[in-house]
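2 protein chains.
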Amino acid sequence: MPDCPICQWTPANTEYPFLWETPAWIVKLAPNQSLPGRCIVSTRRHVPDLPGLNIQEWAELHGVIRKLESAIRASLGAEMFNWSCYLNHAYRETRPEPHVHWWMVPRYREPVTLGGLRFEDPYFGSPYDHDRWQRLPEQVWEDLILLIQTALAAD
Amino acid sequence: MPDCPICQWTPANTEYPFLWETPAWIVKLAPNQSLPGRCIVSTRRHVPDLPGLNIQEWAELHGVIRKLESAIRASLGAEMFNWSCYLNHAYRETRPEPHVHWWMVPRYREPVTLGGLRFEDPYFGSPYDHDRWQRLPEQVWEDLILLIQTALAAD
């Protein structure tokens, strides 16, 4: 889909770096790391909504959820995970071209430390605040990508 | 699970009225109808997280999503849907007993009218506001339940 930013993504994209893939799904790290390990899980194919997923895509998604929760729990100590498929932004256009993607947001009962930085989850037990935004310093960001990729490979 | 409010639910519950079911899932109308047709989709079994769903539960979930989106689109004119599985509240306890449930929130580009009441979706194209709360007057609530049940039966 020519105008779809998710279709345009390539592994060379450094804002949404590649973490893992299956035949149907691509897992990327999200730019907002106020809750470390926040990921995006999107379909390789341009699928406009959840009903549009085919059997294979739906079945693989469960494996991705399992794998990703296990890896982020092991590498970052997340206690639980918030999953959502909202697709809202595409509907700001008069001709929406939504592309299925999930937000996977790890939640932390205890603060987590990465590269000397301490991350708190002040709303643990409640929905996270969409407006809390934090980009990581270059080195912490690169170390985090490697940490998660290693956990995914080991799992 | 004796202390789990979702396990304790029965069809006699009028706060979360029954809409539809499959062998693995139960669909209920949510008390907060600020966005009409907001539903909860929960597992019949006490499953603590998404990785814990078995193959049958996972496969059926896709059918529930399809069925429910189609029925709410047809009966209420929703344009698209926000799906989330957060499970946050259970983690306010020191011994969390989460039970998998999805929030299905219909989103409306145009206002919708029910029983003479007009409902707007001021944040269409963005995450909905968790703090916007609206209970329906008894008759509107009962008519809405019937409307959705009829759409689900017809689909």
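Heads up: the sequence lines are chains A and B, in that order.
Everything in the first sequence is counted per this note's numbering, starting at 14 for the first residue and increasing by one.
Everything in the second sequence is counted per this note's numbering, starting at 14 for the first residue and increasing by one.
Yeah, the Cβ is synthetic: ideal placement off N, Cα and C, and Gly gets one too.
Asked, Found
"is_contact[residue 14/A, chain B] using C-beta, thresh 8 Å", "no"
"Pair within 8 Å by beta-carbon distance, residue 122/A and residue 82/A", "no"
"Own chain partners of residue 33/B with C-beta closer than 6 Å, once the 5 adjacent residues on each side are dropped", "40, 165"
"Contact set between the segment 120–141 of chain A and chain B, restricted to residues whose Cβ is under 9 Å from the partner", "120, 122, 136, 137, 138, 139, 140, 141"
"Chain A contact for residue 104/B (CB, 8 Å cutoff)", "yes"
"Cβ contact check for the segment 133–147 of chain B and the segment 68–81 of chain B: 3 or more pairs under 8 Å", "no"
"Contact set between the segment 88–114 of chain A and chain B, restricted to residues whose Cβ is under 8 Å from the partner", "92, 93, 94, 95, 96, 97, 98, 99, 100, 101, 102, 104, 105, 109, 111"
"Own chain partners of residue 113/A with C-beta closer than 6 Å, once the 5 adjacent residues on each side are dropped", "56, 60"
"Backbone secondary structure at residue 75/B - three-state DSSP", "helix"
"Which of helix, strand or coil DSSP assigns to residue 154/A", "helix"
"Runs of beta strand (DSSP E) wholly within the segment 51–127 of chain A (minimum 3 residues, chain order)", "52–56, 93–98, 114–120, 125–127"
"Option in 74/B, 30/B, 120/B with minimal Cα separation from residue 98/B", "74/B"
"CB contact flag (residue 100/B, residue 111/B, <8 Å)", "yes"
"Cβ of residue 82/A within 8 Å of any chain B Cβ", "yes"
"8 Å Cβ cut-off: residues of chain C touching residue 66/B", "Protein chains A and B are contained in the structure displayed, whereas chain C is not."
"Buried versus exposed, by CB contacts within 10 Å (16 or more), residue 129/B", "exposed"
"Interface residues of chain A facing residue 78/B [CB-CB closer than 8 Å]", "63, 64"
"Alpha helix (DSSP H) segment containing residue 147/A, residue limits", "Looking at the DSSP string, residue 147/A is not in any alpha helix (DSSP H), and its letter there is neither H nor E."
"Where the alpha helix (DSSP H) through residue 30/A begins and ends", "No alpha helix (DSSP H) contains residue 30/A, which DSSP labels as neither H nor E."
"Own chain, CB closer than 8 Å to residue 168/A, minus 5 neighbours either side, in chain order", "80, 83, 84, 87"
"Cross-chain neighbours of residue 71/B in chain A, by beta carbon under 8 Å", "71, 72, 75"
"Residue 146/B burial status per 10 Å Cβ neighbour count (16 or more: buried)", "exposed"
"With 16 other Cβ atoms within 10 Å as the buried cut-off, status of residue 89/B", "buried"
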